[in-house]
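The structure under discussion appears below in the form of structure tokens.
Rendered as structure tokens:
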């Protein structure tokens, strides 16, 4: 597709006002009350919402979200500038695997695969278990701690930067600073330059990746970076832009996914003592329990796409020029797929949850994320029989990217 086509925004016809819902898709109310919204939307056809003056369409039913993720000729992943998604441009237009349709998507995905090869993940498990155990002992001495900022967040710095990337600790602040600065992108008005704090963090990591790729081509090493370079193509050629985006995606995706998913899971279990008691009585239910936790508390509320061909979805017309938000969280509440979806039941054994995407757009790191989440939740739930919420009346504040439901204050106590 040409640059001109990507920049040109087609004129939308007059839309049916009855199909609009007045809601801030990325606001605190949406994040805090996502299950209530999702359980309602999961029974309805797509609807329209206004985002920064643009008409967007929201697709919520399980089967329809799956369809949208694989029907690239109608709903494309390729970014279209000026269509109302500036608040998602976290990496200054660098090539992200989520921003491609097949077959280019497959090539970009192959760059990330070495980081999640089964043998690499299995080698990490003893290290991950040891890190979790050491940090859990520190939390026991503190008695009270914020699971997100004191436990799961710092743990992922160690696992991803030290374990997966094999970077020395003096390099970690570069990536941590960029990760912390990503949220600033969503605060910038459309068309305005990104904040200096963000640009400084971005440029520092970009410069580091440039030097790293030069060094690895002169001095090959059997680590993640070396594997990524070797996986690019038969010539071993990879651009700085592609290496940078691959490394940053690997890091930022895991950094957000595991702390949020594990914290949401512990919060959900503690708020359902009957299900927690059942799990402690039968630890073999852990995997099913975590799948159910990830069904009801999906980190990514939405994944955005671009309508490139006129179509009708369940009676709702969509037109080129519209952004489509695929509500992964809502799809997990579709009663046709999950009967009585608002009931939290760790024996449900939910199949095909869309928390990590679907098909070719399934998150390549989902196995690592599931493994680490399982290890974290297991250590806290079974290792601390007296684990409890410090204050059951705490109001959970949600942060993260606009489309994310990232809890910031899951405060726990142990005796």
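Residue numbers (the numbering used here): 785 to 1199. We put the beta carbon where it would ideally sit given N, CA and C, even for glycine. It should be emphasised that the depicted structure is a prediction, and the values quoted were computed from it without experimental measurement.
Counting only beta-carbon separations shorter than 9 angstroms, does residue i have a partner in chain D?
i	result
residue 830	Included in the structure is just one protein chain, with no chain D present.
Terminal residues of the continuous alpha helix (DSSP H) containing residue i?
i	result
residue 1079	1070-1080
residue 1194	Where residue 1194 is concerned, there is no enclosing alpha helix (DSSP H), given that its DSSP letter is neither H nor E.
residue 820	818-825
residue 1057	1057-1065
residue 959	956-965
residue 1089	Note, residue 1089: premise wrong, no alpha helix (DSSP H); beta strand (DSSP E) at 1087-1091.
residue 851	846-854
residue 939	937-940
Of all the options the options, which has the alpha carbon lying nearest to the alpha carbon of residue i?
i	options	result
residue 974	1036, 894, 868 and 990	868
residue 903	1052, 1011, 1133 and 1144	1011
residue 966	1078, 985 and 956	985
residue 1093	1108, 1135, 1080 and 939	1108
residue 891	1199, 1177, 1013 and 1110	1013
residue 909	861, 1163 and 1159	1159
residue 806	821, 816 and 795	821
residue 1028	998, 1176 and 1152	998
residue 962	977, 1115, 1035 and 802	1035
residue 1122	1157, 914 and 1076	1076
residue 1176	964, 919, 953 and 1054	1054
residue 1143	880, 886 and 800	886
residue 809	1131, 982 and 970	970
residue 836	1165, 1106 and 815	1106
residue 1157	1047, 1130 and 825	1047
residue 800	996, 889, 839 and 976	839
residue 1089	968, 802, 796 and 865	865
At what residues does the beta strand (DSSP E) containing residue i begin and finish?
i	result
residue 1108	1107-1110
residue 835	831-835
residue 1163	Not the beta strand (DSSP E): residue 1163 falls in the alpha helix (DSSP H), residues 1150-1167.
residue 1096	1095-1097
residue 974	From DSSP, residue 974 is part of no beta strand (DSSP E); its letter is neither H nor E.
residue 903	It is not in any beta strand (DSSP E) - residue 903 instead sits in the alpha helix (DSSP H) that spans 902-926.
residue 1127	Per DSSP, residue 1127 belongs to no beta strand (DSSP E) and is neither H nor E.
residue 839	838-843
residue 1101	1100-1102
When the Cα atoms are used, what is the spatial distance from residue i to residue j?
i	j	result
residue 789	residue 980	Unreliable placement is indicated for residue 789, whose pLDDT of 46 sits below 50; the coordinate value is still reported in the next sentence. Distance between the alpha carbons of residue 789 and residue 980: 31 angstroms.
residue 1085	residue 1113	5 angstroms
residue 936	residue 798	47 angstroms
residue 1140	residue 1146	6 angstroms
residue 1026	residue 876	13 angstroms
residue 1032	residue 1083	19 angstroms
residue 874	residue 862	15 angstroms
residue 944	residue 924	24 angstroms
residue 846	residue 819	15 angstroms
residue 993	residue 1043	25 angstroms
residue 1000	residue 1030	15 angstroms
residue 960	residue 1074	27 angstroms
residue 1193	residue 1003	44 angstroms
residue 1110	residue 1087	5 angstroms
residue 881	residue 900	15 angstroms
residue 913	residue 1151	16 angstroms
residue 816	residue 1179	9 angstroms
residue 1125	residue 988	45 angstroms
residue 852	residue 794	20 angstroms
residue 951	residue 1138	32 angstroms
residue 1120	residue 1104	29 angstroms
residue 1131	residue 930	28 angstroms
residue 1196	residue 1174	5 angstroms
residue 1024	residue 848	37 angstroms
residue 977	residue 983	9 angstroms
residue 907	residue 1008	13 angstroms
residue 796	residue 1184	31 angstroms
Less than 9 angstroms between the C-beta atoms of residue i and residue j, yes or no?
i	j	result
residue 1070	residue 1063	yes
residue 1072	residue 1049	no
residue 932	residue 1191	yes
residue 1182	residue 812	yes
residue 1128	residue 1052	yes
residue 1117	residue 1080	yes
residue 1091	residue 841	yes
residue 1045	residue 1149	no
residue 905	residue 1163	no
residue 804	residue 834	yes
residue 947	residue 956	no
residue 1038	residue 940	yes
residue 870	residue 972	yes
residue 927	residue 1198	yes
residue 1166	residue 1067	yes
residue 1153	residue 844	no
**Item:** Three-pair Cβ contact test at 8 angstroms for the region 849-865 versus the region 1161-1174
**Value:** Flag = no, the region 849-865 and the region 1161-1174 do not touch.
**Asked** Given 8 angstroms as the limit, is there contact between the region 1082-1101 and the region 818-831, that is, 3 or more CB pairs closer than that?
**Response** yes
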